[in-house]
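Accompanying notes for the structure given below.
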Amino acid sequence: MTVRTEAPVAVEVSELTLSGPSGPLVTDVALDVKVGECLGLVGESGSGKTLTVRAIAGLLPRGISQDAGRIDTSDSRVGMVFQDPMRSLNPTFTIRRTMREPLVQHHALSRRAADRRALELLNDVGIKDPQRVADNYPHQLSGGLRQRVLIAAALACDPQILLCDEPTTALDVTTQATILDLLQRLREERELAMLFVSHDLAVISHVSDRVAVMYAGQIVEVGPTSEILRAPHHAYTAGLLRSSPSNGHPDEPLFAIGGTAPQRFGEIVGCRFAARCPWAAPACTAGPVAFARLGDRQTARCVRPDDVAASLSLPAERGGWPRATEVLDADS
11 MTVRTEAPVA VEVSELTLSG PSGPLVTDVA LDVKVGECLG LVGESGSGKT
61 LTVRAIAGLL PRGISQDAGR IDTSDSRVGM VFQDPMRSLN PTFTIRRTMR
111 EPLVQHHALS RRAADRRALE LLNDVGIKDP QRVADNYPHQ LSGGLRQRVL
161 IAAALACDPQ ILLCDEPTTA LDVTTQATIL DLLQRLREER ELAMLFVSHD
211 LAVISHVSDR VAVMYAGQIV EVGPTSEILR APHHAYTAGL LRSSPSNGHP
261 DEPLFAIGGT APQRFGEIVG CRFAARCPWA APACTAGPVA FARLGDRQTA
311 RCVRPDDVAA SLSLPAERGG WPRATEVLDA DS
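Heads up: the sequence shown at position 297 corresponds to 307 in this note's numbering, and the numbers run straight through without jumps.
Right under this line is the structure:
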(Lines of atoms letter the chains of each structure in order from A and count residues from 1; the text may use other names and numbers.)
(Lines give C-alpha, C1' and ligand atoms only; values in the text may rest on other atoms or scores of the structure.)
Protein backbone atom coordinates (compact mmCIF):
# COMPACT_ATOMS: atom_id res chain seq x y z
CA MET A 1 0.00 0.00 0.00
CA THR A 2 1.31 3.47 -0.92
CA VAL A 3 0.95 5.93 1.94
CA ARG A 4 0.21 9.51 0.95
CA THR A 5 3.09 11.78 1.93
CA GLU A 6 0.56 14.37 3.09
CA ALA A 7 -1.40 11.85 5.19
CA PRO A 8 -1.96 13.10 8.75
CA VAL A 9 -0.13 11.58 11.69
CA ALA A 10 -2.47 9.33 13.69
CA VAL A 11 -0.17 8.55 16.61
CA GLU A 12 2.99 10.33 17.74
CA VAL A 13 5.28 9.33 20.59
CA SER A 14 8.10 11.58 21.76
CA GLU A 15 10.78 11.15 24.43
CA LEU A 16 8.92 8.24 26.04
CA THR A 17 10.62 6.83 29.14
CA LEU A 18 9.20 3.89 31.10
CA SER A 19 10.60 2.46 34.33
CA GLY A 20 10.06 -0.50 36.62
CA PRO A 21 11.30 -1.36 40.10
CA SER A 22 14.79 -2.20 38.77
CA GLY A 23 15.21 0.98 36.73
CA PRO A 24 14.57 2.26 33.19
CA LEU A 25 13.03 -0.16 30.71
CA VAL A 26 12.38 2.15 27.77
CA THR A 27 14.17 5.47 27.26
CA ASP A 28 13.69 8.41 24.92
CA VAL A 29 11.52 6.55 22.39
CA ALA A 30 10.13 8.63 19.54
CA LEU A 31 7.98 7.33 16.69
CA ASP A 32 4.99 8.29 14.58
CA VAL A 33 2.51 6.48 12.35
CA LYS A 34 0.48 8.13 9.61
CA VAL A 35 -3.07 7.32 8.59
CA GLY A 36 -2.96 4.27 6.30
CA GLU A 37 0.65 3.46 7.21
CA CYS A 38 2.15 0.43 8.93
CA LEU A 39 5.21 0.98 11.10
CA GLY A 40 7.03 -2.20 12.05
CA LEU A 41 8.69 -2.22 15.48
CA VAL A 42 11.34 -4.95 15.51
CA GLY A 43 13.84 -6.15 18.10
CA GLU A 44 14.75 -9.08 20.30
CA SER A 45 12.77 -10.17 23.36
CA GLY A 46 13.16 -7.73 26.23
CA SER A 47 14.02 -4.75 24.04
CA GLY A 48 10.93 -2.80 25.11
CA LYS A 49 8.66 -3.28 22.08
CA THR A 50 5.63 -4.56 23.95
CA LEU A 51 5.95 -2.00 26.74
CA THR A 52 6.03 0.78 24.16
CA VAL A 53 2.86 -0.49 22.49
CA ARG A 54 1.11 -1.00 25.82
CA ALA A 55 1.98 2.56 26.81
CA ILE A 56 0.29 3.82 23.64
CA ALA A 57 -2.77 1.71 24.43
CA GLY A 58 -2.84 2.87 28.05
CA LEU A 59 -2.32 -0.70 29.25
CA LEU A 60 0.97 -0.57 31.15
CA PRO A 61 1.39 -3.47 33.60
CA ARG A 62 1.23 -2.77 37.31
CA GLY A 63 4.58 -1.53 38.60
CA ILE A 64 5.58 0.10 35.30
CA SER A 65 5.41 3.89 35.20
CA GLN A 66 5.73 6.52 32.49
CA ASP A 67 8.42 8.87 33.77
CA ALA A 68 8.68 11.18 30.78
CA GLY A 69 7.48 11.75 27.27
CA ARG A 70 4.26 12.38 25.41
CA ILE A 71 1.84 10.08 23.59
CA ASP A 72 -0.54 11.81 21.17
CA THR A 73 -3.23 9.76 19.44
CA SER A 74 -5.20 12.82 18.28
CA ASP A 75 -8.28 11.53 20.13
CA SER A 76 -8.36 8.54 17.78
CA ARG A 77 -9.83 5.24 18.92
CA VAL A 78 -7.20 2.56 19.50
CA GLY A 79 -7.62 -1.19 19.01
CA MET A 80 -5.08 -3.82 20.04
CA VAL A 81 -4.39 -7.35 18.83
CA PHE A 82 -2.50 -9.33 21.45
CA GLN A 83 0.12 -12.03 20.99
CA ASP A 84 -1.50 -15.06 22.61
CA PRO A 85 -5.21 -15.59 21.83
CA MET A 86 -5.61 -18.27 24.49
CA ARG A 87 -4.47 -15.86 27.20
CA SER A 88 -6.33 -12.90 25.72
CA LEU A 89 -9.73 -14.56 25.28
CA ASN A 90 -11.79 -15.36 28.37
CA PRO A 91 -12.07 -19.18 28.40
CA THR A 92 -15.47 -19.01 30.14
CA PHE A 93 -17.05 -16.74 27.49
CA THR A 94 -18.38 -17.83 24.13
CA ILE A 95 -17.02 -15.87 21.19
CA ARG A 96 -20.42 -14.20 20.89
CA ARG A 97 -20.20 -12.84 24.43
CA THR A 98 -16.57 -11.78 23.93
CA MET A 99 -17.57 -9.78 20.86
CA ARG A 100 -20.77 -8.39 22.37
CA GLU A 101 -19.23 -6.60 25.35
CA PRO A 102 -17.06 -4.03 23.50
CA LEU A 103 -19.89 -3.35 21.05
CA VAL A 104 -22.31 -2.57 23.87
CA GLN A 105 -19.71 -0.49 25.70
CA HIS A 106 -18.38 1.56 22.78
CA HIS A 107 -21.51 1.90 20.65
CA ALA A 108 -24.33 1.59 23.21
CA LEU A 109 -25.96 -1.11 21.09
CA SER A 110 -28.72 -3.35 22.33
CA ARG A 111 -27.81 -6.97 22.95
CA ARG A 112 -29.52 -8.07 19.73
CA ALA A 113 -27.89 -5.34 17.64
CA ALA A 114 -24.50 -6.11 19.17
CA ASP A 115 -24.86 -9.78 18.29
CA ARG A 116 -25.69 -8.89 14.67
CA ARG A 117 -22.68 -6.58 14.46
CA ALA A 118 -20.46 -9.27 16.01
CA LEU A 119 -21.39 -11.69 13.22
CA GLU A 120 -20.61 -9.00 10.63
CA LEU A 121 -17.17 -8.41 12.14
CA LEU A 122 -16.41 -12.13 12.28
CA ASN A 123 -17.35 -12.34 8.61
CA ASP A 124 -15.16 -9.30 7.83
CA VAL A 125 -12.07 -11.09 9.18
CA GLY A 126 -12.65 -14.10 6.94
CA ILE A 127 -14.50 -16.50 9.25
CA LYS A 128 -16.67 -18.56 6.90
CA ASP A 129 -19.30 -19.70 9.41
CA PRO A 130 -19.55 -16.85 11.94
CA GLN A 131 -22.76 -18.17 13.49
CA ARG A 132 -21.12 -21.47 14.45
CA VAL A 133 -17.89 -19.85 15.62
CA ALA A 134 -19.81 -17.33 17.74
CA ASP A 135 -21.33 -20.15 19.77
CA ASN A 136 -17.96 -21.78 20.48
CA TYR A 137 -15.52 -21.26 23.33
CA PRO A 138 -11.88 -20.34 22.62
CA HIS A 139 -10.54 -23.84 23.28
CA GLN A 140 -12.83 -25.21 20.56
CA LEU A 141 -11.17 -23.12 17.85
CA SER A 142 -7.88 -23.46 15.98
CA GLY A 143 -5.07 -20.99 16.58
CA GLY A 144 -5.79 -19.20 13.33
CA LEU A 145 -9.49 -18.83 14.13
CA ARG A 146 -8.72 -17.54 17.61
CA GLN A 147 -6.42 -14.90 16.15
CA ARG A 148 -9.11 -13.85 13.69
CA VAL A 149 -11.52 -13.48 16.61
CA LEU A 150 -9.01 -11.25 18.41
CA ILE A 151 -8.70 -9.08 15.31
CA ALA A 152 -12.48 -8.85 15.02
CA ALA A 153 -12.72 -7.87 18.70
CA ALA A 154 -10.08 -5.17 18.17
CA LEU A 155 -12.17 -3.77 15.31
CA ALA A 156 -15.31 -3.64 17.44
CA CYS A 157 -14.58 -0.08 18.58
CA ASP A 158 -14.00 1.09 14.97
CA PRO A 159 -10.39 2.08 15.68
CA GLN A 160 -8.35 4.50 13.62
CA ILE A 161 -5.17 3.04 15.16
CA LEU A 162 -4.50 -0.71 15.34
CA LEU A 163 -1.69 -1.97 17.58
CA CYS A 164 -0.51 -5.51 16.81
CA ASP A 165 1.77 -7.18 19.36
CA GLU A 166 3.40 -10.24 17.75
CA PRO A 167 0.02 -11.41 16.35
CA THR A 168 1.51 -14.28 14.29
CA THR A 169 4.16 -15.67 16.64
CA ALA A 170 2.26 -18.78 17.76
CA LEU A 171 0.96 -19.67 14.28
CA ASP A 172 2.28 -22.02 11.61
CA VAL A 173 3.75 -20.47 8.47
CA THR A 174 0.65 -20.95 6.30
CA THR A 175 -1.73 -19.51 8.88
CA GLN A 176 0.74 -16.72 9.58
CA ALA A 177 0.65 -15.67 5.92
CA THR A 178 -3.16 -15.58 5.84
CA ILE A 179 -3.30 -13.44 9.00
CA LEU A 180 -0.74 -11.01 7.57
CA ASP A 181 -2.74 -10.76 4.34
CA LEU A 182 -5.90 -10.16 6.40
CA LEU A 183 -4.27 -7.33 8.35
CA GLN A 184 -3.01 -5.79 5.11
CA ARG A 185 -6.51 -5.89 3.62
CA LEU A 186 -8.12 -4.38 6.71
CA ARG A 187 -5.53 -1.61 6.82
CA GLU A 188 -6.23 -0.66 3.22
CA GLU A 189 -10.02 -0.91 3.48
CA ARG A 190 -10.24 1.04 6.74
CA GLU A 191 -7.21 3.33 6.28
CA LEU A 192 -5.85 2.22 9.63
CA ALA A 193 -2.66 3.50 11.16
CA MET A 194 -0.96 0.26 12.21
CA LEU A 195 1.93 -0.32 14.61
CA PHE A 196 3.11 -3.90 14.14
CA VAL A 197 5.47 -5.46 16.72
CA SER A 198 7.59 -8.48 15.84
CA HIS A 199 11.00 -10.04 16.43
CA ASP A 200 10.83 -11.52 12.91
CA LEU A 201 12.28 -9.36 10.14
CA ALA A 202 10.63 -11.51 7.47
CA VAL A 203 7.21 -10.71 8.92
CA ILE A 204 8.06 -7.03 9.28
CA SER A 205 9.26 -6.85 5.67
CA HIS A 206 5.96 -8.36 4.50
CA VAL A 207 3.63 -6.01 6.32
CA SER A 208 5.32 -2.66 7.05
CA ASP A 209 6.01 0.54 5.11
CA ARG A 210 8.62 1.74 7.59
CA VAL A 211 10.68 0.00 10.28
CA ALA A 212 11.85 1.14 13.71
CA VAL A 213 14.56 -1.11 15.17
CA MET A 214 14.67 -1.34 18.97
CA TYR A 215 17.55 -2.49 21.16
CA ALA A 216 17.91 -2.35 24.96
CA GLY A 217 15.01 0.02 25.46
CA GLN A 218 15.97 2.46 22.69
CA ILE A 219 15.10 2.89 19.05
CA VAL A 220 18.39 2.68 17.16
CA GLU A 221 17.32 2.98 13.52
CA VAL A 222 14.26 4.15 11.60
CA GLY A 223 13.55 4.22 7.89
CA PRO A 224 11.55 2.87 4.96
CA THR A 225 11.43 -0.92 5.06
CA SER A 226 13.05 -1.30 1.65
CA GLU A 227 15.94 0.99 2.62
CA ILE A 228 16.54 -0.67 5.99
CA LEU A 229 16.65 -4.11 4.36
CA ARG A 230 18.91 -2.92 1.55
CA ALA A 231 21.31 -0.75 3.53
CA PRO A 232 21.12 -0.82 7.34
CA HIS A 233 23.26 1.82 9.04
CA HIS A 234 23.27 0.55 12.63
CA ALA A 235 25.38 -2.47 13.60
CA TYR A 236 22.50 -4.14 15.45
CA THR A 237 20.21 -3.86 12.43
CA ALA A 238 22.96 -5.25 10.19
CA GLY A 239 23.44 -8.16 12.59
CA LEU A 240 19.72 -8.92 12.62
CA LEU A 241 19.67 -9.03 8.84
CA ARG A 242 22.73 -11.28 8.66
CA SER A 243 21.24 -13.69 11.19
CA SER A 244 17.91 -14.05 9.36
CA PRO A 245 17.65 -16.82 6.72
CA SER A 246 15.03 -14.87 4.78
CA ASN A 247 17.20 -11.75 4.51
CA GLY A 248 20.69 -13.21 4.18
CA HIS A 249 22.49 -14.25 1.03
CA PRO A 250 22.05 -17.95 0.18
CA ASP A 251 25.79 -18.44 -0.36
CA GLU A 252 26.76 -17.00 3.01
CA PRO A 253 26.61 -18.65 6.44
CA LEU A 254 24.14 -17.28 8.96
CA PHE A 255 25.68 -14.83 11.36
CA ALA A 256 25.34 -14.81 15.16
CA ILE A 257 25.70 -11.54 17.05
CA GLY A 258 28.25 -12.07 19.81
CA GLY A 259 27.61 -11.24 23.45
CA THR A 260 24.31 -10.52 25.17
CA ALA A 261 22.07 -7.49 25.53
CA PRO A 262 22.51 -5.51 28.76
CA GLN A 263 19.93 -6.36 31.40
CA ARG A 264 20.26 -3.01 33.15
CA PHE A 265 21.14 -0.04 31.01
CA GLY A 266 20.20 2.95 33.13
CA GLU A 267 23.86 3.77 33.80
CA ILE A 268 25.07 3.24 30.22
CA VAL A 269 25.95 6.71 28.97
CA GLY A 270 26.72 5.98 25.33
CA CYS A 271 25.66 3.41 22.76
CA ARG A 272 24.07 0.37 24.40
CA PHE A 273 25.32 -1.89 21.61
CA ALA A 274 28.96 -0.76 21.84
CA ALA A 275 30.15 -3.78 23.85
CA ARG A 276 28.98 -6.09 21.04
CA CYS A 277 29.84 -3.88 18.07
CA PRO A 278 32.98 -4.43 15.95
CA TRP A 279 32.82 -0.80 14.80
CA ALA A 280 32.83 0.61 18.34
CA ALA A 281 34.96 3.74 18.72
CA PRO A 282 35.75 5.90 21.78
CA ALA A 283 32.99 8.33 20.79
CA CYS A 284 30.43 5.52 21.15
CA THR A 285 30.82 5.38 24.92
CA ALA A 286 31.85 8.97 25.66
CA GLY A 287 28.30 10.29 25.85
CA PRO A 288 24.78 10.03 24.44
CA VAL A 289 24.74 9.10 20.75
CA ALA A 290 22.53 11.28 18.58
CA PHE A 291 20.66 10.11 15.50
CA ALA A 292 22.55 10.55 12.24
CA ARG A 293 20.31 11.57 9.34
CA LEU A 294 20.85 9.40 6.26
CA GLY A 295 18.95 10.89 3.37
CA ASP A 296 15.42 12.20 3.70
CA ARG A 297 13.75 9.42 5.68
CA GLN A 298 16.35 7.19 7.36
CA THR A 299 18.12 7.81 10.68
CA ALA A 300 20.45 5.72 12.84
CA ARG A 301 21.68 6.20 16.41
CA CYS A 302 25.31 5.58 15.43
CA VAL A 303 28.61 7.45 15.10
CA ARG A 304 29.84 5.26 12.20
CA PRO A 305 26.74 4.58 10.09
CA ASP A 306 28.56 4.63 6.74
CA ASP A 307 31.02 1.97 7.93
CA VAL A 308 28.14 -0.28 8.93
CA ALA A 309 26.42 0.17 5.57
CA ALA A 310 29.65 -0.71 3.78
CA SER A 311 29.76 -4.07 5.59
CA LEU A 312 27.19 -5.48 3.18
CA SER A 313 29.83 -5.53 0.44
CA LEU A 314 32.30 -7.61 2.45
CA PRO A 315 33.31 -11.06 1.08
CA ALA A 316 31.04 -14.00 1.82
CA GLU A 317 33.73 -15.88 3.73
CA ARG A 318 33.74 -13.07 6.28
CA GLY A 319 29.97 -13.20 6.63
CA GLY A 320 29.59 -9.51 5.94
CA TRP A 321 30.69 -8.67 9.46
CA PRO A 322 34.33 -7.71 10.17
CA ARG A 323 36.21 -8.95 13.21
CA ALA A 324 36.97 -6.26 15.76
CA THR A 325 40.70 -6.51 15.04
CA GLU A 326 40.06 -5.85 11.35
CA VAL A 327 38.17 -2.67 12.17
CA LEU A 328 40.93 -1.49 14.49
CA ASP A 329 43.55 -2.21 11.83
CA ALA A 330 41.56 -0.24 9.28
CA ASP A 331 41.29 2.71 11.65
CA SER A 332 45.00 2.71 12.34
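From the three backbone atoms N, C-alpha and C, an ideal C-beta is built for every residue, glycine too. It should be emphasised that the depicted structure is a prediction, and the values quoted were computed from it without experimental measurement.
- With fewer than 16 other Cβ atoms inside 10 Å of its own Cβ, residue 316 counts as exposed.
- Assignment of residue 45 by DSSP, reduced to helix, strand and coil, places it in the coil class.
- If you draw a 10 Å sphere on the C-beta of residue 126, you find fewer than 16 other C-beta atoms in it, and that means exposed.
- By alpha-carbon distance to residue 164, the top candidate from 124, 210, 113 and 266 is 113.
- For residue 174, the uninterrupted beta strand (DSSP E) segment begins and ends at 171 to 175.
- Ranked by Cα distance from residue 151, the first of 76, 220, 95 and 197 is 95.
- In the displayed model, residue 282 falls within coil according to three-state DSSP, outside both helix and strand.
- 9 Å or more divides the Cβ of residue 59 from the Cβ of residue 204.
- Taking the CA atoms as reference points, residue 171 sits about 8 Å from residue 21.
- Excluding residues up to 5 positions away in sequence, 41, 49, 50, 51, 52, 229, 231 and 232 lie with their Cβ nearer than 8 Å to the Cβ of residue 222 in the same chain.
- In the same chain as residue 54, and ignoring 5 residues on each side of it, the C-beta atoms closer than 7 Å to its own belong to 209 and 271, in chain order.
- Beta-bridge partners assigned by DSSP to residue 34: 29.
- When DSSP assignments are scanned along the stretch 171 to 251, the uninterrupted stretches of alpha helix (DSSP H) that are 4 or more residues long and fall wholly within it turn out to be 183 to 200, 211 to 217 and 235 to 240.
- When Cβ pairs closer than 8 Å are counted between the two stretches, the stretch 189 to 197 is seen not to touch the stretch 31 to 45, the count staying below three.
- Residue burial is scored here from C-beta neighbours: residue 268 has fewer than 16 other C-beta atoms within 10 angstroms and is therefore classed as exposed.
- In terms of Cβ geometry, residue 162 and residue 109 form a close pair [threshold 9 Å].
- The three-state secondary structure of residue 153, taken from DSSP, is helix.
- For the set 120, 218 and 25, the Cα lying nearest the Cα of residue 82 is the one of 25.
- With a cutoff of 9 Å on beta-carbon distance, residue 302 and residue 295 are scored as not near each other.
- For residue 320, no beta strand (DSSP E) encloses it; the enclosing alpha helix (DSSP H) starts and ends at 315 to 320.
- The stretch 72 to 81 and the stretch 131 to 148 do not touch, with fewer than 3 CB-CB distances between them shorter than 8 Å.
- Spatial neighbours of residue 266 in its own chain (CB-CB distance under 7 Å, excluding positions within 5 residues in sequence) are listed in chain order as 253.
- Counting along the chain, the unbroken alpha helix (DSSP H) around residue 141 starts and ends at 140 to 144.
- For residue 84, the closest alpha carbon among the candidates 43, 280 and 99 is that of 43.
- Note: residue 119 is not bridge-paired with any residue in the DSSP secondary-structure output.
- Classified as buried, residue 89 has 16 or more neighbouring CB atoms from the shown chains inside 10 Å of its CB.
- For residue 108, the three-state secondary structure derived from DSSP is helix.
- Using a Cβ distance threshold of 9 Å, residue 299 and residue 318 do not count as a contacting pair.
- Setting aside the 5 residues that flank it on each side, residue 101 is surrounded in the same chain by 147, 148 and 149, each with a C-beta closer than 8 Å to its C-beta; the list follows chain order.
- Taking 8 Å as the upper bound for CB-CB distance, residue 104 and residue 144 are in contact here, some 7 Å apart.
- Per DSSP, residue 309 is not a residue of any alpha helix (DSSP H); the beta strand (DSSP E) it occupies stretches across 308 to 310.
- In this structure, residue 310 and residue 216 do not form a Cβ contact; the two beta carbons are roughly 23 Å apart against a cut-off of 8 Å.
- If you look at residue 70, you'll find it isn't in any alpha helix (DSSP H); DSSP assigns it neither H nor E.
- Here residue 80 has 24 as same chain residues with Cβ atoms under 6 Å from its own Cβ, once five neighbours each way along the sequence are excluded.
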